[in-house]
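One structure is given below, encoded as structure tokens.
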Amino acid sequence: MASAGLLSPALANPTLADMQRQLDELRTQYDARIQALEAQLRAAQQNARAVQSTPIEPQAAATETAAETPSGLTQPGTFARQNRQPSDTGFNPQVSLILSGLYTNLQRDPGTWSIGGFQPGGEEVGPGDRGFSLAESELVLSANIDPWFYGKATLAVTGDSEIEVEEAFVQTRALPAGTSVKAGRFYSGLGYLNAQHPHTWDFVDAPLVYQAMFGGQFKQDGVQGRWVLPTDQFVQLGLELGRGNGFPGTDRNRNAAGALTLTAHTGGDVGVSHSWRAGASWLQTSAQGREWADTNLAGDEVRNTFTGKSRIWALDGVWKWAPNGNATRTNFKLQGEYFRRTETGSATYDLDNVTENGSPAAAYRSAQSGWYVQGVYQFMPRWRVGLRHEQLDSGRVNYGSNGAFLSNPDHQPKRTSAMLDWSLSEFSRWRLQYNQDQVRLGGLKDNQIYLQYIMSLGAHGAHSF
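Using my numbering, you'd call the opening residue of the sequence shown number 1 and step up by one each time.
Quick look at the structure:
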């Protein structure tokens, strides 16, 4: 084992005792080396346990996973199943803060903005206020509770200094057979964009169809179950039962669930440069006395209510490209969604008796739809351009006998948007966006310009595909 260089020159003809002494010296040297390697191994094991203890948002036992780039675009070639069970973190949750602000230049008074032909609802509707404003900021706390549950809370601070609980839920970590359950308040899995927080969007504002159908985004107070099928093709099925008090539903003071949502999504890779996902969703919820303001045929401002069922069908799809799966330099994303809503029930006209015909109730039926399609291209590291076109169809609205006072204009609100954004790092982004808005009745154009910043502080996990 020892080379000749290890022997003393004076021991050209070693005796038995000399040989024994040399062997003892070699054994001592190798023992010291082994002890040093064992110490390095123990230190490496301790570091590995520390890394494993970092909390990450859990997925089902078999889940859709993808790598993220600094720009937030998931790389193609990364659809996979994996079983990740992070260690507990005790009282050491991840904390992150999203800061966002806007400068808005609007050609027309935002107070006159409305989606022609649609019942308005929710607070996240419209182009926003003119001038400088503080956009929504988010404070996020998350951690593994124990080996079986994960918890997350997202608090939104609005520009009006109001605090809203956007999400607060617990989610299972160790259910078998690709299943997971989430309970609390969460963004519904309906469609594609709805489950994503605004700071992850590719444009400043939500698509028109989200504003018309949900008043922004649809949240659930309830329970969500998901199952990833044990197939080579990624297939995920979901079911949600919720309170249903968000638009287009209302709080009905009942023990039973007020909203039911069914979702199905599938996706995969095409070679190493392409990946895709497509889905279909269905939502049924109910409204009781849902109010909306309108102008009757005589030009009077009246307040009405709707009571009945609202059903929404949705189709969504996204396709992503990056050369050889490397999205750090250049990539492209194409996405789109289509929604159709039908409502049946009764409408009560003119609650305030502004006219002499006030407060008659009559049958009400409607069928309305909308869609958007957008593409975002990263043409060099940290620089992206995007284009979005969207359109609504006011469809058919039957007011029954109230048709003598109310009408549904044949209107197709539409908007085209172009954006340019620059990410100095994965934690900061500046965005310039232009909208040509033709949402008002009569197709009046409103040229809108936005300058937005989004800053991320603290721990922030990867976004979904």
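Don't be surprised by glycine CBs; every beta carbon is placed ideally from N, CA and C.
Query raised in the report: Okay, do the region 376 to 392 and the region 325 to 341 touch, 3+ Cβ pairs below 8 Å being the bar?
Result: yes
Query raised in the report: If we call anything under 9 Å between Cβ atoms a contact, is residue 220 one with residue 247?
Result: Contact flag unset, no.
Query raised in the report: For the beta strand (DSSP E) that residue 107 lies in, which residues bound it at each end?
Result: No beta strand (DSSP E) contains residue 107, which DSSP labels as neither H nor E.
Requested in this report: Give the single residue among 148, 163, 154 whose Cα lies nearest to the Cα of residue 175.
Outcome: Checked all of 148, 163, 154; the closest Cα to residue 175 is 148.
Report task. Pull up the distance between the alpha-carbon of residue 19 and that of residue 35, whole angstroms please. Result -> 25 Å
Requested in this report: Go to residue 208, then tell me how far its beta strand (DSSP E) extends in each direction, as first and last residue.
Outcome: Residue 208 -> not in any beta strand (DSSP E); alpha helix (DSSP H) instead, spanning 208 to 214.
Query raised in the report: Taking the beta strand (DSSP E) that residue 393 falls in, what are its first and last residues?
Result: From DSSP, the beta strand (DSSP E) with residue 393 extends over 383 to 398.
Query raised in the report: First and last residue of the beta strand (DSSP E) that includes residue 15?
Result: Neither: residue 15 is in no beta strand (DSSP E) and is coded neither H nor E.
Query raised in the report: Is it buried or exposed for residue 92, if we count other Cβ within 10 angstroms and need 16 for buried?
Result: exposed
Query raised in the report: How many angstroms separate the CA atom of residue 282 from the CA atom of residue 38?
Result: So the two alpha carbons sit approximately 58 Å from each other.
**Report entry** Range covered by the beta strand (DSSP E) that runs through residue 185
**Finding:** 179 to 187
Report task. With hydrogens ignored, establish whether the beta-carbon of residue 306 is closer than 8 Å to any heavy atom of the ligand ATP. Result -> Absence of the ligand ATP from the depicted structure is noted, as is the absence of any ligand whatsoever, leaving it without description.
Requested in this report: Less than 8 Å between the CB atoms is what I'm expecting for residue 279 and residue 263, so what's the real figure, rounded?
Outcome: 6 Å
Query - Rounded distance between the beta-carbons of residue 138 and residue 189, thought under 8 Å - result: Residue 189 to residue 138, Cβ: 19 Å. No contact.
Query raised in the report: With a CB to CB cut of under 6 Å and the five nearest residues on each side skipped, what residues in its chain are close to residue 204?
Result: Taking residue 204 as the centre and dropping the five residues before and after it, the same chain places the C-beta of 433, 450, 452 closer than 6 Å to its C-beta, in chain order.
Requested in this report: Would you mind reading off the limits of the beta strand (DSSP E) that contains residue 317?
Outcome: First-last of the beta strand (DSSP E) with residue 317: 301 to 321.
Query raised in the report: Hey, residue 181 and residue 228: beta-carbon distance below 9 Å or not?
Result: The beta carbons of residue 181 and residue 228 sit no closer together than 9 Å.
**Report entry** Pick from 260, 322, 265 that is closest to residue 272, judged by C-alpha positions
**Finding:** 322
Query raised in the report: According to DSSP, is residue 457 helix, strand or coil?
Result: strand
Query raised in the report: Counting Cβ pairs closer than 8 Å, one from the region 344 to 364 and one from the region 312 to 326, do we hit at least three?
Result: Contact between the region 344 to 364 and the region 312 to 326 is absent: fewer than 3 CB-CB pairs across the two stretches fall below 8 Å.
Query - Beta-carbon contacts of residue 130 that lie in its chain and below 8 Å, excluding the five residues immediately before and after - result: Once the five neighbours on either side are set aside, the close Cβ partners of residue 130 are 104, 105, 106, 110.
Query raised in the report: Bridge partners of residue 190, per DSSP?
Result: For residue 190, which the question treats as bridged, DSSP gives no partner whatsoever.
Report task. Going by CA-CA distance only, name the one from 43, 465, 32, 21 that's closest to residue 276. Result -> 465
Query raised in the report: For residue 118, which residues from the same chain have a beta carbon less than 6 Å from its beta carbon, with the 5 sequence-adjacent residues on both sides left out?
Result: 212
Report task. Count the other CB atoms, across all protein chains shown, that sit within 10 Å of the CB of residue 286; report buried if there are 16 or more and exposed otherwise. Result -> buried
Report task. State the DSSP-derived secondary structure class of residue 355, mapped to helix, strand or coil. Result -> coil
**Report entry** Span of the beta strand (DSSP E), counted from its first residue to its last, around residue 407
**Finding:** Run containing residue 407: none; DSSP gives neither H nor E here.
Query raised in the report: So residue 308 packs on residue 344, CB below 8 Å; how close in whole Å?
Result: 5 Å
Requested in this report: Indicate the three-state DSSP secondary structure (helix, strand or coil) for residue 274 in the structure shown.
Outcome: In the structure shown, the three-state DSSP call for residue 274 is strand.
Query raised in the report: Can you tell which of 161, 443, 319 has its C-alpha closest to the C-alpha of residue 336?
Result: 319
**Report entry** Assigned secondary structure, residue 221 (DSSP; H/G/I helix, E/B strand, else coil)
**Finding:** strand
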